[in-house]
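Trainee: Here it is, the structure, as structure tokens.
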Amino acid sequence: MDTTPVVSDHSLLGRAELKRVGWRRFPVSELRLEGEPIARLGHLGWLRIYLGNGVAVRLEDGTPWRIRAATIGGFVCPLVVDKERRKVAVGRSGGGLYGISGRDFGYSLNPGDKRWRSDTKWILRRHEQNVATVSRKPLTFEAVEPVHLGAALLSLVLIRYGAPDDARPGLPSFHWR
0 MDTTPVVSDH SLLGRAELKR VGWRRFPVSE LRLEGEPIAR LGHLGWLRIY LGNGVAVRLE
60 DGTPWRIRAA TIGGFVCPLV VDKERRKVAV GRSGGGLYGI SGRDFGYSLN PGDKRWRSDT
120 KWILRRHEQN VATVSRKPLT FEAVEPVHLG AALLSLVLIR YGAPDDARPG LPSFHWR
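Okay, so the sequence shown: first residue is 0 according to numbering that gives the first Met the number 0, each after it adds one.
Here it is, written out as structure tokens:
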């Protein structure tokens, strides 16, 4: 299996890391694949994504995207949209797990062994097959199979900030003895 890093047709293969490159003006962060920038991002933050205008993303080929949130079916979901506001990737939460889907792909993002620790490695799966690992410290995405770049960006956002519906109150569970 060839393990050379690849970015083609908005898919990612290899180890990518989110690095801060600026403070005030665009770009503030870069997603780098083996040291080469593949996407430039504005200020990432929970308030900007879920309550503000979103975060600007410019891919290396010049394609403009935006990471923002929308209410879908009564739930607040992070999503990546293109310049015509069409959905590129959508993230959904549910029971401590996340689902990330798009037109041609669907993934589940599951916590690793140390579920509630801040340094937990998350696993991105497609059909019960591990396709990537995502870590919070440092914020990296390592794909062993080609993964859509929108799904990679949402994975980084979800493990760093979560989703507002993670804290949604649910019905209490009863345990009969």
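Quick reminder that beta carbons are idealized off the backbone N, C-alpha and C, glycines included.
1. Any chance you could list the alpha helix (DSSP H) runs of at least 4 consecutive residues sitting entirely within the stretch 47-104, in chain order?
2. Quick check on the DSSP output: the beta strand (DSSP E) that includes Val130 runs from which residue to which?
3. Indicate the three-state DSSP secondary structure (helix, strand or coil) for Ser107 in the structure shown.
4. Give the range of the alpha helix (DSSP H) segment to which Ala162 is assigned.
5. Using a Cβ-Cβ cut-off of 7 Å (strictly less than) and excluding sequence neighbours within five positions of His147, which residues of its own chain qualify?
6. With the cut-off set at 8 Å, would you say Glu144 and Leu32 are in Cβ contact?
7. So, is Val133 buried or exposed, given that buried needs 16 or more other C-beta atoms within 10 angstroms?
8. Identify whether Trp22 lies in helix, strand or coil by the three-state DSSP scheme.
9. From Thr62 to Thr70, what distance separates their C-alpha atoms?
10. Need the endpoints of the beta strand (DSSP E) that Pro137 sits in, please.
11. DSSP state of Gly13, grouped into three classes?
12. Compute the Euclidean distance between the alpha carbons of Ala15 and Leu155, then round it to the nearest angstrom.
13. Could you tell me how far apart the beta carbons of Trp64 and Val56 are, in whole angstroms, since I believe they sit closer than 8 Å?
14. Quick check on the burial criterion: 16 or more other C-beta atoms within 10 angstroms. Buried or exposed for Arg67?
15. Would you identify the three-state DSSP class for Leu123, choosing helix, strand or coil?
16. With DSSP as the reference, identify every bridge partner of Glu29, one or two as the case may be.
17. So, using beta-carbon positions, are Arg180 and Arg124 closer together than 8 Å?
18. Please say whether Leu30 and Leu40 have beta carbons closer to each other than 8 Å?
Mentor: Quick look at the numbers:
1. none
2. Gln128 to Ser134
3. strand
4. Ala162 -> no alpha helix (DSSP H), and no H or E assigned at all.
5. His9, Ser10, Ala88, Gly101 and Phe104
6. no
7. buried
8. coil
9. 25 Å
10. Unbroken run through Pro137: none, as it is neither H nor E.
11. strand
12. 11 Å
13. 4 Å
14. buried
15. strand
16. Lys18 and Arg39
17. Residue 180 lies beyond the range of the chain shown here (0 to 176); nothing can be said about it.
18. yes
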